[in-house]
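First up is the structure itself, then whatever we jot down about it.
In our numbering, the protein residues as written are 1 to 678.
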């Protein structure tokens, strides 16, 4: 919104220089984008926010200036007019008052259309508007002064002397004054006579009713249109004007009348016209002002200001609010119709603060107690795991959390019933939130392999979605050969490499002992996969990618691919991954070995669990020292050598103490697990 310094001075007795006024306006929230000297005047270019349509007029900005300078604003120079009775001159019909709440028409006869006087022409040109003729210039002048769009019709071109505000007919044509012809739809509001459309309401006038040098009588329009309808019509026509810009943000009902009266008076003064009739259709009744009960003490408390009650009343009064005292420090405030942005006590406090001056608010240190915000356990575990994987030589990738049903089909996965699918996706490749990282990793592997990068190791730590639940997951993929280094040659990745990485992640989490179980998956080769279980929760799956899945993904390079997915959220739940330093043993350990023969179906984790249980309080370490399977052993059996380290921190153990504990271990292995001692 451009406004000149001299025009503001017609409403407010400004005593400060233009540069100082620019600074004061910007500090009060009316950001001055530029201040330029033009034609012996100063022009402010003010950035009016969308919630302040009152700043789209000279009077609205002058009101702010008056409040800032503590000066009373002069009233607008307009003469009140009375509505005419009867329908002799013209008639106005509004088909739907939801589209047009109020319509004023003022008929001015015997106007002389010609050049505008120099002062009017200079004022408009200073603000960047081209002078057309005195009639058009007056409507533009009042638009800037009041923020109310006006339009002048050549009355002789209105057939039947009737104004009809209606929706356009489908494919109805209208030639606009900019020379373009538009095909209309019922979503566009028009001003018409009894036979045809004359103007796109609130947007632009039409050529068939345009004022020209031969015009003698004009009909002046001032109306209040539905903002949504005007915005939609402007977008459909591809036309944005100063009028539509203001109507889209809403115009004030009383201002529509004042702007019409001001323009009608200028037509009589500058165009030698005679006012013949003023008519109204629709309701000019304004809505009851919003009332806000306000305590000035709230402003003092929130702003840390010792602001007086009279000061608050003065500020609000200058801004156009109705203020009534309702007791000590209490105010009853009526919000004016042109301030639709003010709806609460907090808004009132903001108005007081910005006019009083943000720069006058004292600097105070906030009363904040220092605290350390601890990150959630799952975030901490993710950071530790990613750091360790990078140390191990893996590279992190980042992929989209949106996937496609086709990716699941290629991976031999079924889409869960509670999967979150987008109703209106940009493409089918981004139509659902992924519930697993496996398709993303395979897509990355396929892309690399088909481009000649055949040896790599990657991981991704990201969220997956199960219904409306978001959980943290980790995906790891190994392909081809491990890269050579100065101290070792390149070797092919194996399933055990992947298993070791998964075990390292579980170890970092400290979630407890993990049990290895079979886990057939359609995307893994048979007998080439497994899963880890902690407690009763499956926390990881891993295996070799099946040949059928490779074909579906178009992978033709003959390189083995190993894939794992770890449920980071499940591992972080126990929150045991905070490591404490355990001092070195101060007492000697006692070593004992056990050799047993285990039959088919006996898992080592059960053996270790029983040993830890029987030797609790005495056992420092247990590990599998040797595993042997040979023809001389029974079918599907294995000979195990298990090394045990006994010890206590408070004393040195003797054989008398260790022997009963060790015997309890042996009895448990033979009795409970049916193992044979060797």
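No residue lacks a Cβ here, since even glycine has one placed at the ideal position from N, Cα and C.
With distance defined between alpha-carbon atoms, name the residue in the options nearest to residue i.
i           : options               : result
residue 341 : 592, 321 and 219      : 321
residue 364 : 524, 302, 61 and 245  : 302
residue 626 : 611, 612 and 604      : 604
residue 611 : 528, 469, 489 and 667 : 667
residue 687 : 110, 109 and 133      : This structure leaves residue 687 out entirely; the chain is present only between 1 and 678.
residue 454 : 312, 617, 439 and 445 : 445
residue 700 : 673, 490 and 239      : Only positions 1 to 678 of the chain appear in this structure, which leaves residue 700 out of reach.
residue 162 : 508, 91 and 230       : 91
residue 613 : 52, 664 and 288       : 664
residue 382 : 419, 573 and 524      : 573
residue 81  : 239, 295 and 279      : 279
What does the alpha-carbon distance come out to for the pair residue i and residue j?
i           : j           : result
residue 174 : residue 214 : 22 Å
residue 266 : residue 299 : 44 Å
residue 309 : residue 329 : 6 Å
residue 402 : residue 429 : 8 Å
residue 285 : residue 373 : 56 Å
residue 221 : residue 464 : 60 Å
residue 257 : residue 104 : 7 Å
residue 344 : residue 334 : 12 Å
residue 498 : residue 512 : 20 Å
residue 617 : residue 661 : 10 Å
residue 458 : residue 542 : 14 Å
residue 648 : residue 619 : 8 Å
residue 680 : residue 356 : With the chain covering 1 to 678 only, the question about residue 680 has no answer from this structure.
residue 678 : residue 595 : 5 Å
residue 147 : residue 434 : 52 Å
residue 642 : residue 593 : 6 Å
residue 447 : residue 562 : 16 Å
residue 28  : residue 354 : 5 Å
Mind checking residue i: buried by the 16 CB within 10 Å criterion, or exposed?
i           : result
residue 496 : exposed
residue 390 : exposed
residue 411 : buried
residue 16  : exposed
residue 379 : exposed
residue 7   : buried
residue 140 : buried
residue 398 : exposed
residue 37  : exposed
residue 623 : exposed
residue 421 : exposed
residue 630 : exposed
residue 368 : exposed
residue 426 : exposed
residue 324 : exposed
residue 249 : buried
residue 93  : exposed
residue 584 : exposed
residue 358 : exposed
residue 205 : buried
residue 570 : buried
residue 117 : exposed
So, are the CB atoms of residue i and residue j less than 9 Å apart?
i           : j           : result
residue 644 : residue 607 : no
residue 712 : residue 226 : Residue 712 cannot be examined here, being either before or after the span of the chain that is shown, 1 to 678.
residue 476 : residue 441 : yes
residue 262 : residue 56  : no
residue 96  : residue 167 : yes
residue 567 : residue 471 : yes
residue 21  : residue 65  : yes
residue 189 : residue 127 : no
residue 317 : residue 252 : no
residue 504 : residue 586 : no
residue 481 : residue 492 : yes
residue 271 : residue 113 : yes
residue 264 : residue 76  : no
residue 235 : residue 70  : no
residue 210 : residue 177 : yes
residue 100 : residue 259 : no
residue 44  : residue 4   : yes
residue 164 : residue 193 : yes
I want to check one thing, is the minimum distance from the CB of residue i to the heavy atoms of the ligand ADP below 8 Å?
i           : result
residue 676 : In the structure shown, the ligand ADP is absent, as is every other ligand, since no ligand is present at all.
* Whole alpha helix (DSSP H) runs in the stretch 74-149 with 4 or more residues, listed along the chain? -> Qualifying alpha helix (DSSP H) stretches, in chain order: 118-126 and 134-146.
* Enumerated in chain order, which unbroken segments of the beta strand (DSSP E) with a length of 3 residues or greater are wholly contained in the stretch 599-656? -> Runs found: 619-628 and 638-646.
* Which parts of the stretch 543-601 are runs of the alpha helix (DSSP H), unbroken and 4 residues or longer, counting only runs that do not cross its ends? -> The stretch 543-601 contains these whole alpha helix (DSSP H) runs: 547-552 and 568-572.
* Whole runs of the beta strand (DSSP E) within the stretch 188-218, excluding any shorter than 3 residues -> You should have 189-192 and 197-200.
* To do: Counting only runs of 3+ residues fully inside the stretch 276-326, write out the beta strand (DSSP E) ranges in chain order.
  => With a minimum length of 3 residues, the continuous beta strand (DSSP E) runs that stay inside the stretch 276-326 are 290-295 and 322-325.
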